[in-house]
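In the numbering used here, the protein residues as written are 444 to 990.
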Amino acid sequence: MAASIRNVLDGAQPTFSIDYPCHGPTEQNWFRLTVSSLGATQPTGAIVMHVNVTATKKIEATLSASELGFHQMAANISDAFFLADTHSKRMLYVSSAYEEIFGQSCAAMYADPNAWLALLSPDERMRLHAEYCAHQKTSNTRFDCVFHIVRPDLAVRWIALKVFSIQDENGRVTRITGAAEDITKSKNVARALYESEFRLRELLTNIGLISVMLNCDAKITFCNEALTQLTGWRHDEIIGRNWFELFMPGESASTLQHFATLLADQPEEGRHENQIRTRSGELRLICWTSSIMHAHTGEVVGIASLGEDITERQRESEKILSLNANLEKLSGKLIQAQEQERINLARELHDELGQRLALLKFDLYQLRRHLAEPDAIGIWINIDAAIVTLIGQIRVISVSLRPPALDYLGLESAIRRLLARQFANSAITTVFEYAGLPTTLEPSIEIAVYRIVQESLTNIIRHADAMRVVVEINGGESGRELEMIIRDNGRGFDRTVVSGHVLPNGGGSGLLGMKERIELMGGSFEVETAPGHGTRIVVSLPLKNDD
444 MAASIRNVLD GAQPTFSIDY PCHGPTEQNW FRLTVSSLGA TQPTGAIVMH
494 VNVTATKKIE ATLSASELGF HQMAANISDA FFLADTHSKR MLYVSSAYEE
544 IFGQSCAAMY ADPNAWLALL SPDERMRLHA EYCAHQKTSN TRFDCVFHIV
594 RPDLAVRWIA LKVFSIQDEN GRVTRITGAA EDITKSKNVA RALYESEFRL
644 RELLTNIGLI SVMLNCDAKI TFCNEALTQL TGWRHDEIIG RNWFELFMPG
694 ESASTLQHFA TLLADQPEEG RHENQIRTRS GELRLICWTS SIMHAHTGEV
744 VGIASLGEDI TERQRESEKI LSLNANLEKL SGKLIQAQEQ ERINLARELH
794 DELGQRLALL KFDLYQLRRH LAEPDAIGIW INIDAAIVTL IGQIRVISVS
844 LRPPALDYLG LESAIRRLLA RQFANSAITT VFEYAGLPTT LEPSIEIAVY
894 RIVQESLTNI IRHADAMRVV VEINGGESGR ELEMIIRDNG RGFDRTVVSG
944 HVLPNGGGSG LLGMKERIEL MGGSFEVETA PGHGTRIVVS LPLKNDD
């Protein structure tokens, strides 16, 4: 410092200035020492000034700290900040994020503030220029725009740029500052979402099903062409309308409650059927599959539904049900007619043919007294034996067609006689238990049970190779139904017979006939069997309530 002052006094330099601190009792002050020479060519002296510059130093320190903080903040934010001077057209500041976003160096921007424009396509450049020119005609100091660039590494980036004008006290723009944000990820997400939504709408349009979206107020936010074609309403007449008011006017409270329940319970998927009214007033039955729609926050925003028009299917189903009901009635009448025919045939065999054969036998007996030739007597004996055999066979056929015991002694006695007759010449052991039933049952139930036992015993004799047969008939736990179990310890068979397949030995068709007969009467018929484990038939028939 002394040397610098000597230079001023010697005329080597015109002036010298230095700031120095001075520690006072409470704070540090700053002073500026200025030494200026007197005399233009030959120094004759010097002027020395001491000025207190403490306030100026504090302002400079504050500005320096503020600038340092701004630089640190800009360096740690992902957006690219910049500050440019409009008068000198120089770039005053560019944050380091510029290099990450634009793929150019900050030095390139300092050298040429328009360097980033080279990353835009000609069309993008023209579009931005037109938008900025239009903005300059307004009083708005902020300009926002979105564009895409192709970086030097050929990566495509989407940029959201915000530009602010800084004016002086006279309203003239002296600085331009702004921030550039890389929105490539959000742009890609938005594009993927748009493409996904587009594909979804295309799918819903061409899926062949009705597609509808409702908000929480039941207003229609989306529908496809399938709904417009079915109902006759145009798309613009549907969107924004209340679903229930448009398609289900006067609907019951239960349907409205179902909609509210879906929103409240938020099931993953719900199924239901309801009718909707078309523009012409026709009712169509729709089968719906619905799911809850959520916003990205998890909030429920509505319901999305796919619907299938099942009106024609329902009509066909009703026709089939009607045909099945008629078929069941016809089958029941056919069984009744068959049983009546058996009764008539058994009566004819017993009353007519049986009596005629008995008279014929009596006539042969009278004829024998007039036979003298031995050969004639032998012929008579053969004819007599044949008639006896024929009478016995007719009696067996008559009993099988309609057992008299069933009419005169009841179900229990008829089955006991059936068991005794079927196994009279057999080593098979039989057990019969009968309890808990009224003395008299409906004729249709008696004959059905008798036929089931008759068919089951025939199958056991022909196919089971069993040594023990048990028949149990009772009134069940409640006494309001007839329960019957027929079981044997025979060879058993494959249960596929119950599914409609006939056994190789022909034993399956009889089981199917029994099952159909019982089910026509409102009962159940089950077969429990397996090869080598015998067979168990379980029958349940409802009894009429005498009350």
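Where a beta carbon is used, it is the ideal one built from N, C-alpha and C, also for glycine. From a predicted model like this one, the values you see are computed outputs, not experimental measurements.
Inter-residue Cα distance where the pair is residue i and residue j
i: N1036; j: P556; result: The structure shown does not extend to residue 1036, since the chain is modelled only from 444 through 990, so no value can be given for it.
i: L563; j: S608; result: 23 Å
i: G935; j: A870; result: 19 Å
i: E640; j: E742; result: 19 Å
i: H678; j: W731; result: 20 Å
i: A550; j: I490; result: 46 Å
i: L852; j: P846; result: 10 Å
i: W601; j: E543; result: 13 Å
i: P947; j: P886; result: At P947, the pLDDT of 43 sits below 50, so the modelled position is not reliable; the number obtained from the coordinates is stated separately. If you take the alpha carbons of P947 and P886, they lie about 34 Å apart.
i: L647; j: L705; result: 22 Å
i: R720; j: Q700; result: 19 Å
i: A828; j: I904; result: 28 Å
i: V655; j: G724; result: 20 Å
i: G949; j: L854; result: Per-residue confidence for G949 stands at a pLDDT of 45, beneath the threshold of 50, marking its modelled position as unreliable; the derived number appears in the next sentence. Near 28 Å, if we compare the C-alpha coordinates of L854 and G949.
i: S942; j: A747; result: Summary for S942: the model assigns pLDDT 49, below 50, so the residue's position carries little reliability; its value from the coordinates is reported in the next sentence. Those two C-alpha atoms are separated by around 41 Å.
i: L880; j: G966; result: 16 Å
i: V981; j: F968; result: 6 Å
i: F545; j: H572; result: 19 Å
i: H739; j: E920; result: 59 Å
i: N932; j: N902; result: 13 Å
i: P565; j: T664; result: 40 Å
Option in the options with minimal Cα separation from residue i
i: Q485; options: I650, I729, M957, N450; result: N450
i: I650; options: D850, L670, G621; result: L670
i: G977; options: R911, I916, L984; result: R911
i: F524; options: M552, K532, S531, H530; result: M552
i: L917; options: S983, N932, E759, G853; result: It is Asn, not Leu, that sits at residue 917 in the sequence shown. N917 has its Cα closest to that of S983, out of S983, N932, E759, G853.
i: A907; options: G975, G467, A829, R756; result: G975
i: H715; options: L726, D462, S733; result: S733
i: A801; options: I830, L880, R684; result: I830
i: L620; options: R727, N717, V537, E755; result: For clarity, residue 620 is Thr in the given sequence; the question names Leu instead. The shortest C-alpha separation from T620 is found at V537.
i: L862; options: A455, L900, P692, P565; result: L900
i: T458; options: L728, A867, S447; result: S447
i: E889; options: Q865, A909, E924, A561; result: E924
Three-state secondary structure (DSSP) of residue i
i: N948; result: Only weak support exists for where N948 lies, its pLDDT of 47 falling under 50; the value from the coordinates is given anyway. Note: N948 maps to coil in three-state DSSP.
i: F805; result: helix
i: E612; result: coil
i: G651; result: coil
i: G943; result: Legend: pLDDT at G943 = 46, less than 50; position of this residue unreliable, no value from coordinates given.
i: D937; result: coil
i: C659; result: coil
i: D585; result: Asp is not the amino acid found at residue 585; the sequence shown has Arg there. DSSP places R585 in strand when its eight states are reduced to three.
i: G488; result: strand
i: Q757; result: helix
i: A623; result: strand
i: W731; result: strand
i: F968; result: strand
i: L506; result: The pLDDT assigned to L506 is 46, lower than 50, so where the model puts this residue is not dependable; a value taken from the coordinates is nonetheless given after this. Helix, per DSSP.
i: G745; result: strand
i: L705; result: helix
i: M552; result: helix
i: F687; result: helix
i: Q432; result: Nothing about residue 432 can be read from this structure; the chain reaches only from 444 to 990.
i: S723; result: coil
i: S539; result: coil
i: T529; result: coil
i: S629; result: helix
i: H591; result: strand
i: Q1071; result: There is simply no residue 1071 to check, as the chain begins at 444 and stops at 990 in what is shown.
i: W676; result: coil
i: L604; result: strand
i: I961; result: helix
i: S564; result: coil
Cβ separation of residue i and residue j, assumed to be a contact under 8 Å, to the nearest whole Å
i: R653; j: L749; result: It should be pointed out that residue 653 corresponds to Ile in this sequence rather than to Arg. Between L749 and I653 the Cβ distance is about 7 Å, and since that is below 8 Å, they are a contact.
i: V589; j: A577; result: Actually they are not in contact, since the Cβ atoms of V589 and A577 sit about 15 Å apart, beyond 8 Å.
i: A661; j: W686; result: 5 Å
i: V896; j: I858; result: 6 Å
i: E898; j: M957; result: 6 Å
i: T497; j: T617; result: That pair is no contact at about 30 Å.
Bridge partners - residue i, DSSP secondary structure assignment
i: C666; result: V655
i: G750; result: I653, W731
i: P464; result: W473
i: S479; result: T458, I490
i: G713; result: S733
i: E638; result: E638 pairs with nothing; no bridge assigned.
i: Y877; result: I916
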